[in-house]
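Engineer:
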Amino acid sequence: MSCWGRTPRQFFTSRVIRLYPAYWFSIIFTSAALVALPGVWERGRAREVLINFTMLQSGSRVGNVDGVYWTLWSELRFYLLFMAVVVTGLTYRKVVVFCCLWGAASMIAPAAGFQPATLIINPEGSWYFIAGLALYLMHRFGPDLLLWGILGLSWMMGQLEIGHRIDTIERVSSWRGSVLIFTVFLLFMVAVALGYTDRVRWKWLVTAGAMTYPFYLMHYVVGTTIISRLRDTMDPRLLIVSLIAGFLVLSWLVHKLVEAPLARLMKRGLDTSFARLRNASATP
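Counting from -4, one number per residue, gives the positions in the sequence shown under my numbering.
Structure, rendered in structure tokens:
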């Protein structure tokens, strides 16, 4: 959706101004909380925190300031791969072929044991992006058997990856519960893609959608730190409700006071930079 009908430059700019402003704030916010409330989470060294500002820390073998940032590394690799399609011009056929090739590579690369290919192809996260692409194609062009097949395979491989993550990393969540949540959300997105929710035009959903990203970035480390500090002195239900309400308010403030103005500033700067590059390439 963010790149259809756009140039590679416009796609790059849209992703940068969407991802980085709230992300930068979340690093500062979380780092400050770890300094103010020590003893729950280990605080990274200054040079590791600074690398986090690039969003490339996972590629540099540096830990995340907040564990939820791991998804951003998957997202960046998806954009890198998909940029190859954007450069050639997006069409229905090209996106379908991309989904099929990426899916095939995601199954082959781990078995081949070729680490560089596995790093780029991102088999542990690729199926969720492939599902998203299939859903968008359904929304834009209508469903067909091939798209349903891509979506079904993505669900099957996605639930397998969820199991691997629970077994090797989290060791806390229930596979059945996690897959149920994954399935419910996927079915809801199918309903959206097929137009069953088109009548829903509530204006507050736009604001709520804008708040999800900063909320996601800030909630985990700071939230669990506060829970650890207050769980013995405050009613658990009141604590959870207060935290959710507090993070919702903070997310709205971040969107209004950080994301929106900084995104406008960055867009102007990037547009000027790309215009300069374009003019320089046209000058002999």
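Each residue gets a CB set at the ideal place from its N, CA and C atoms; glycine is no exception. Since the structure is predicted, the reported quantities are computational estimates derived from the model, not experimental observations.
Looking at C-alpha atoms only, which residue of Asp266, Ala275 and Arg259 is the closest neighbour of tyrosine 13?
Structural biologist: Looking up residue 13 in the sequence shown gives position 18. Note that residue 13 is arginine in the sequence shown, not tyrosine. Ranking Asp266, Ala275 and Arg259 by Cα distance to arginine 13 puts Arg259 first.
Engineer: Along the chain, where does the alpha helix (DSSP H) containing isoleucine 116 start, and where does it finish?
Structural biologist: In the sequence shown, counting from the first residue as 1, residue 116 sits at position 121. Isoleucine 116 -> alpha helix (DSSP H) spans 110 to 116.
Engineer: Around the C-beta of valine 60, are 16 or more other C-beta atoms found within 10 angstroms, so that it is buried, or is it exposed?
Structural biologist: For the purposes of this step, residue 60 is identified with residue 65 of the sequence shown, where counting begins at 1. Per the 10 Å Cβ criterion, buried.
Engineer: May I have the straight-line CA-CA distance separating proline 256 from leucine 140, to the nearest angstrom?
Structural biologist: Along the sequence shown, one-based indexing puts residue 256 at 261. Along the sequence shown, one-based indexing puts residue 140 at 145. Approximately 44 Å between the Cα atoms of the pair.
Engineer: What's the C-alpha gap between valine 249 and alanine 107?
Structural biologist: Taking the sequence shown and counting its residues from 1, one reaches residue 249 at position 254. Taking the sequence shown and counting its residues from 1, one reaches residue 107 at position 112. Taking the straight line from one Cα to the other gives about 44 Å.
Engineer: Could you give the first and the last residue of the continuous alpha helix (DSSP H) run that contains lysine 89?
Structural biologist: Here the question's residue 89 lines up with position 94 in the sequence shown. Per DSSP, lysine 89 belongs to the alpha helix (DSSP H) from 87 to 107.
Engineer: Touch check for the segment 17 to 31 and the segment 203 to 217: three-plus C-beta pairs under 8 Å?
Structural biologist: With a cut-off of 8 Å, the segment 203 to 217 and the segment 17 to 31 count as touching, because enough Cβ pairs lie within range.
Engineer: Should the segment 145 to 156 be regarded as contacting the segment 119 to 131, the criterion being three or more beta carbon pairs within less than 8 Å?
Structural biologist: These segments touch.
Engineer: Between which two residues does the alpha helix (DSSP H) containing glutamine 5 stretch?
Structural biologist: Position 10 of the sequence shown holds residue 5. 3 to 31 is the extent of the alpha helix (DSSP H) around glutamine 5.
Engineer: Restricting to Cα atoms, I'd like to know which of Gln52, Ala129 and His159 is closest to leucine 146.
Structural biologist: Counted from its first residue, the sequence shown places residue 146 at position 151. When each option's Cα is compared against that of leucine 146, the closest is Ala129.
Engineer: Using DSSP with H/G/I as helix, E/B as strand and the rest coil, what is serine -3?
Structural biologist: Within the sequence shown, residue -3 is the residue found at index 2, counting from 1. Correct three-state label for serine -3: coil.
Engineer: When you compare the CB positions of proline 16 and valine 253, do they come within less than 8 Å of one another, or not?
Structural biologist: For the purposes of this step, residue 16 is identified with residue 21 of the sequence shown, where counting begins at 1. For the purposes of this step, residue 253 is identified with residue 258 of the sequence shown, where counting begins at 1. Their beta carbons are under 8 Å apart, which means proline 16 touches valine 253 by this criterion.
Engineer: When you compare only the Cα positions, how much space is there between leucine 67 and methionine 50?
Structural biologist: As a first step, residue 67 is located in the sequence shown; it is residue number 72 there, counting from the start. As a first step, residue 50 is located in the sequence shown; it is residue number 55 there, counting from the start. About 7 Å.
Engineer: May I ask which residues mark the beginning and end of the alpha helix (DSSP H) holding histidine 280?
Structural biologist: An answer regarding residue 280 cannot be provided, because it is not within the stretch -4 to 279 covered by the chain.
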